[in-house]
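Trainee: In this note's numbering, the protein residues as written are 1 to 431.
Mind having a look at this structure? Questions to follow.
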Ligand code: CMC
């Protein structure tokens, strides 16, 4: 196919710049500026990467205007309806849906890796009882590089694969250990006769003296939430994993960096912030006051769970979660949950408000997920940890793609310098 180019006129220059345009399979074309500095001594300026593609990827596609999300080409709605989290994990990691045998082998391999090195379990004792679970999660995942030396060679395909299975398997175990530490209960070991989400519920809610029955609706809800959180192309935490990984650091350190990025309230920390916001709003009669606060430029308050860098339409994941919210609350006999009613009313009022309509601010994935977690008995401070369990699959898929991409270079952005020009040091007695 013929190459496409664009010409850009630059004042003070006689010849326009000629830059190649690259076309992907879906989504906008990109202008290749990789040689811009070398050939023209120019940088581009794009804070927050609003218009910048940082890599080529064939994992996930989002059309934010139409509200479309595809994993390896499959619409997330179809996967949410018919697949399982473990099957989706296989799809994201390997690019295709598995047949029955492949899925069984994959599932068995994940199960082999659910236990933690006992030394890692002892690390939890060093944390205060009230340590935030995300602080424990990032530290413990980072510590894995000190325990699993067999997977530190990023150039070995086999080591990368074992790492991938290991970290997907261990995230629920680490999350449960963080939870048990925070409530002062003994750690509960995984039970490998259970599936991924059942095992997580077992490690959270059983105690050595009593094994709790697993609620199938709770396991189903978790599986759905993990599918919906599994990947979201070059979001902040995934880009962080890619950026950290591009230096050649070990994969556990790269994932720990992603966990730290996810914690922020503008990203994965929003699910915790939504619940705290709903509790603060308290009753329907306060909604208008908080909508006004969100619209006030002098007030830092934002409507948490609303808005998205990419979606300028309803987040397709939020629609699916809202449905599951009703199912879980109905089953728990709390269909008339005041928190859900408040969230629905808040959504209705915001969607009719000119400010939110003009700025295309719709509920995102985090708006309803916390209500489900709360109904399952998972404390608010654990919500972002739950997000991290699902997103680990995406982080690992992107890290593997980045490592094997021949175009990967160490991520090293440039800057527009606005500091002082060169000046000479003045000794302290003369200042
Ligand atoms: N409440 C009130 N105003 C908002 C909100 C909100 N939730 N979100 C965006 N705006 C306004 C913002 O003030 C700005 O107004 P103006 O153009 O007048 O300056 C305009 O909308 C565009 O916002 P932005 O911050 O420039 O957009 P962004 O793409 O940089 O940020 C966002 C996207 C998700 C960080 C932002 O919408 C936000 O802070 N939302 C609340 C936090 C949240 O729910 N985060 C979860 C995101 S989805 C899950 C995930 O990524 O992990």
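Glycine residues also receive a C-beta, built at the ideal position from the N, C-alpha and C atoms.
From a predicted model like this one, the values you see are computed outputs, not experimental measurements.
(1) Do residue 259 and residue 141 have their C-beta atoms within less than 7 Å of each other?
(2) When every heavy atom of ligand 1 is checked, does at least one fall within less than 6 Å of the C-beta of residue 229?
(3) Compare the Cα-Cα distances from residue 371 to each of 358, 385, 342 and 356 and report the closest residue.
(4) Excluding sequence positions up to five away, which residues of its chain have a Cβ less than 7 Å from the Cβ of residue 42?
(5) Is it the case that the Cβ atoms of residue 305 and residue 350 are separated by a distance below 7 Å?
(6) Do you know whose CA, among 380, 392, 402 and 412, lies nearest residue 132's CA?
(7) Going by beta-carbon coordinates alone, are residue 317 and residue 160 separated by less than 7 Å?
(8) Of all the alpha helix (DSSP H) runs that stay within the bounds of the stretch 304–351, which reach a length of 4 or more residues?
(9) Within the continuous alpha helix (DSSP H) that includes residue 174, where are the two ends?
(10) Does ligand 1 have even one heavy atom less than 6 Å from the beta-carbon of residue 359?
(11) Going by DSSP, which residues form a beta bridge with residue 368?
(12) How is residue 62 classed by DSSP in three states: helix, strand or coil?
(13) Quick one: residues in its chain with C-beta nearer than 8 Å to the C-beta of residue 293, no 5 flanking neighbours on either side, listed in chain order?
(14) Pull the bridge partners of residue 6 from the DSSP assignment, please.
(15) Starting from residue 68, trace the beta strand (DSSP E) both ways and give me its first and last residue.
(16) With H, G and I counted as helix, E and B as strand and the rest as coil, what does DSSP make of residue 74?
(17) Go through its chain and collect everything with a Cβ distance to residue 281's Cβ below 6 Å, but skip five positions before and after it.
(18) Quick one: give me the first and last residue of the alpha helix (DSSP H) that residue 210 is part of.
(19) Take residue 111 and list the residues in its own chain whose beta-carbon comes closer than 8 Å to its own, dropping the five residues that flank it on each side.
(20) Do you know how far the Cα of residue 328 is from the Cα of residue 175?
(21) Taking 6 Å as the cut-off, is the CB of residue 398 close to at least one heavy atom of ligand 1?
(22) Indicate, with yes or no, if ligand 1 has a heavy atom lying under 6 Å from the CB of residue 318.
(23) Cβ-heavy atom distance between residue 303 and ligand 1 below 6 Å?
(24) At which residues does the alpha helix (DSSP H) containing residue 196 begin and terminate?
(25) Taking C-alpha atoms, which residue in 285, 33 and 361 lies nearest to residue 315?
(26) Would you say the beta carbon of residue 306 comes nearer than 6 Å to a heavy atom of ligand 1?
(27) Taking 8 Å as the limit between beta carbons, can you name the residues of its chain near residue 246, skipping five residues before and five after?
(28) Throw me the rounded Cβ distance for the residue 255 and residue 167 pair, which I believe falls under 8 Å.
(29) Mind checking whether the beta-carbon of residue 326 lies closer than 6 Å to any heavy atom of ligand 1?
(30) With a Cβ-Cβ cutoff of 7 Å, do residue 165 and residue 113 count as a contact?
(31) Measuring alpha carbon to alpha carbon, tell me which of 309, 23, 382 and 201 ends up nearest residue 235.
(32) What I want to know is whether the C-beta of residue 313 ends up closer than 6 Å to one or more non-hydrogen atoms of ligand 1.
(33) Starting from the Cα of residue 7, find the closest Cα among 24, 33 and 23 and give me that residue.
(34) Using a Cβ-Cβ distance under 7 Å, would residue 238 count as near chain D?
(35) Are residue 244 and residue 257 touching if we call contact CB-CB under 7 Å?
(36) Residue 33 by DSSP, collapsed to three states: which one?
Mentor: This is what the structure holds:
(1) yes
(2) Checking the Cβ of residue 229 against ligand 1 gives no.
(3) Nearest to residue 371 by C-alpha distance, out of 358, 385, 342 and 356, is 342.
(4) 36
(5) Their beta carbons are not under 7 Å apart, which means residue 305 does not touch residue 350 by this criterion.
(6) Cα-wise, what sits closest to residue 132 is 380.
(7) no
(8) Within the stretch 304–351, the complete alpha helix (DSSP H) runs of at least 4 residues are 316–331.
(9) Run containing residue 174: 157–183, per the alpha helix (DSSP H) assignment.
(10) Ligand 1 has a heavy atom closer than 6 Å to the beta-carbon of residue 359.
(11) The partner list for residue 368 (beta bridge, DSSP) is empty, contrary to what the question assumes.
(12) strand
(13) 299 and 301
(14) 19
(15) 68–71
(16) Looking at residue 74 - three-state DSSP - the assignment turns out to be strand.
(17) 290
(18) Element bounds for residue 210: n/a, residue is neither H nor E.
(19) 169 and 192
(20) 22 Å
(21) Judged by the Cβ position, residue 398 fails to qualify as a neighbour of ligand 1 at the 6 Å threshold, every heavy atom of the ligand being at least this far.
(22) The answer is no for residue 318.
(23) Placement of the Cβ of residue 303 at a distance of less than 6 Å from at least one heavy atom of ligand 1 is found.
(24) 196–205
(25) 361
(26) Relative to ligand 1, residue 306 has its C-beta within less than 6 Å of a heavy atom.
(27) 402, 408, 409, 410 and 411
(28) 6 Å
(29) Checking every heavy atom of ligand 1 against the Cβ of residue 326, none is found closer than 6 Å.
(30) yes
(31) 309
(32) no
(33) 33
(34) No chain D is part of this structure, which consists of one protein chain only.
(35) yes
(36) coil
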